[in-house]
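*Asks:* Can you keep this structure in mind? I'll have questions shortly.
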Amino acid sequence: MKIALLDSGTGLLPAAAAVRRLRPDADLVLSTDPDGMPWGPRTPEDVTAHALAVARAAAAERPDALIVACNTASVHALPALRAELEPDIPVIGTVPAIKPAAAGGGPVAIWATPATTGSPYQQDLIARFAQGVAVTGVPCPGLADAVEQADEEAIDAAVAAAARLTPRDIRSVVLGCTHYELVAERIRAALQQPGTPSLVLYGSADAVAAQALRRIGAEPAPAAAPTGTLGVLLSGRPGTLPDPVLAYAEGRLLAGAVPAAPRTA
Numbered sequence: 149m150k151i152a153l154l155d156s157g158t159g160l161l162p163a164a165a166a167v168r169r170l171r172p173d174a175d176l177v178l179s180t181d182p183d184g185m186p187w188g189p190r191t192p193e194d195v196t197a198h199a200l201a202v203a204r205a206a207a208a209e210r211p212d213a214l215i216v217a218c219n220t221a222s223v224h225a226l227p228a229l230r231a232e233l234e235p236d237i238p239v240i241g242t243v244p245a246i247k248p249a250a251a252g253g254g255p256v257a258i259w260a261t262p263a264t265t266g267s268p269y270q271q272d273l274i275a276r277f278a279q280g281v282a283v284t285g286v287p288c289p290g291l292a293d294a295v296e297q298a299d300e301e302a303i304d305a306a307v308a309a310a311a312r313l314t315p316r317d318i319r320s321v322v323l324g325c326t327h328y329e330l331v332a333e334r335i336r337a338a339l340q341q342p343g344t345p346s347l348v349l350y351g352s353a354d355a356v357a358a359q360a361l362r363r364i365g366a367e368p369a370p371a372a373a374p375t376g377t378l379g380v381l382l383s384g385r386p387g388t389l390p391d392p393v394l395a396y397a398e399g400r401l402l403a404g405a406v407p408a409a410p411r412t413a
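Under this note's numbering, the first residue of the sequence shown is numbered 149, with each subsequent residue one higher.
Here it is, written out as structure tokens:
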């Protein structure tokens, strides 16, 4: 079994780690775009072009499924990716977990990139799944970039700035950018009010990983032997995990995998 994941950078780590935990025997291909990151400020057409290039590099490794582990790419490029790759390769997108957060009651905050906050896509999800629930969109400028670089001071500053924009009475937070799941507990610490119930944070990594297995008819097997390999593509070139990923538990988990052997035609 081989699962490929794409993102501009380290935002794919949470979903990749979730797949690794569900199936330690699955081979993983991480296809990123260091030459083109960040994708957030790009036009929808440009995001689609970059996502297609990264997806084609991953598809050349003949995966059983492709996870689009990026909210921005899922918003703008998912139809094009599916049109090109399916049905040969199932394509699984990432959707902010607004529906389960709203089902748990409000108030809810959605932390996302400035481009996503207030976008028609996010507003549509709120209208469809959070009627009658108080929802606040919180833009988080600089947070994804800080996480990408594992810049501790910049992460703290970006989290603090977003926390100041977040209502104090929230009960749950949707992590609307895959990068944010890497610093979820820092976000919780910045928002948790003394004497109140523990905040519920809603990411997408676990649900996306489970959906990928369902799409290829595979069952979770967390006790399987950890034989899965790891391949890394950097803007289409074979490479290795960049050093900043080791700052995160997800990155350290993946770094322990056996490197994938070079593909032969």
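We treat Cβ as the ideally placed atom computed from N, Cα and C, and that holds for glycine.
Looking at the unbroken alpha helix (DSSP H) that takes in tyrosine 269, where does it start and where does it end?
*Replies:* Unbroken alpha helix (DSSP H) run through tyrosine 269: 268–277.
*Asks:* For aspartate 304, name the three-state secondary structure that DSSP assigns.
*Replies:* Here aspartate 304 sits in helix by DSSP.
*Asks:* Please state the DSSP three-state secondary structure of glycine 399.
*Replies:* Correct three-state label for glycine 399: helix.
*Asks:* Measure how close the beta-carbons of valine 283 and valine 256 come, nearest whole angstrom, since I'm counting them as under 8 Å.
*Replies:* Yes, they are in contact, since the Cβ atoms of valine 283 and valine 256 sit about 5 Å apart, within 8 Å.
*Asks:* Where in the region 205–236 do unbroken runs of the alpha helix (DSSP H), each at least 4 residues long, occur, reported from the N-terminal end onward?
*Replies:* The region 205–236 contains these whole alpha helix (DSSP H) runs: 219–233.
*Asks:* For alanine 302, which residues from the same chain have a beta carbon less than 7 Å from its beta carbon, with the 5 sequence-adjacent residues on both sides left out?
*Replies:* Taken in chain order, the residues that qualify are Gly290 and Ala294.
*Asks:* Among Ala353, Leu389 and Asp317, which residue has its Cα nearest to the Cα of proline 162?
*Replies:* Minimum Cα distance to proline 162 is reached at Ala353.
*Asks:* Going by DSSP, what residue range makes up the alpha helix (DSSP H) through leucine 161?
*Replies:* Segment 161–170, the alpha helix (DSSP H) holding leucine 161.
*Asks:* Count the CB pairs spanning the region 374–388 and the region 398–407 that are closer than 8 Å, and state whether there are at least three.
*Replies:* Contact holds: three or more Cβ-Cβ distances are below 8 Å.
*Asks:* Between the region 211–230 and the region 195–202, do three or more beta carbon pairs fall short of 8 Å?
*Replies:* These segments touch.
*Asks:* Taking the beta strand (DSSP E) that valine 348 falls in, what are its first and last residues?
*Replies:* Residues 348–350.
*Asks:* Taking the alpha carbon of alanine 355 as the reference point, which residue from Val177, Tyr396, Gln340 and Ile240 has its own alpha carbon closest?
*Replies:* Nearest of Val177, Tyr396, Gln340 and Ile240 to alanine 355, Cα basis: Ile240.
*Asks:* Contact defined as beta carbons within less than 8 Å: I believe leucine 233 pairs with alanine 203. What is the distance between those atoms, to the nearest angstrom?
*Replies:* Indeed they touch by this definition, with Cβ atoms about 7 Å apart.
*Asks:* Proline 287 to leucine 313, Cα distance in whole Å?
*Replies:* Going from the Cα of proline 287 to the Cα of leucine 313 covers about 8 Å.
*Asks:* How many angstroms separate the CA atom of alanine 305 from the CA atom of alanine 338?
*Replies:* In a straight line, the C-alpha of alanine 305 is about 11 Å away from that of alanine 338.
*Asks:* Within the continuous alpha helix (DSSP H) that includes alanine 334, where are the two ends?
*Replies:* Sequence inspection shows arginine at residue 334; the alanine mentioned does not correspond to that position. Per DSSP, arginine 334 belongs to the alpha helix (DSSP H) from 332–339.
*Asks:* Just reading off the alpha helix (DSSP H) that arginine 139 is part of, what are its end residues?
*Replies:* In the structure as shown, the chain starts at 149 and stops at 413, and residue 139 therefore has no counterpart that could be examined.
*Asks:* Could you please give me the residues that DSSP links to valine 239 through a beta bridge?
*Replies:* Answer is Leu214, bridged to valine 239.
*Asks:* Buried or exposed: glycine 261, going by 16 or more other Cβ atoms within 10 Å of its Cβ?
*Replies:* The amino acid at residue 261 is misidentified as glycine; the sequence shows threonine. Buried, because 16 or more other Cβ atoms sit within 10 Å of the Cβ of threonine 261.
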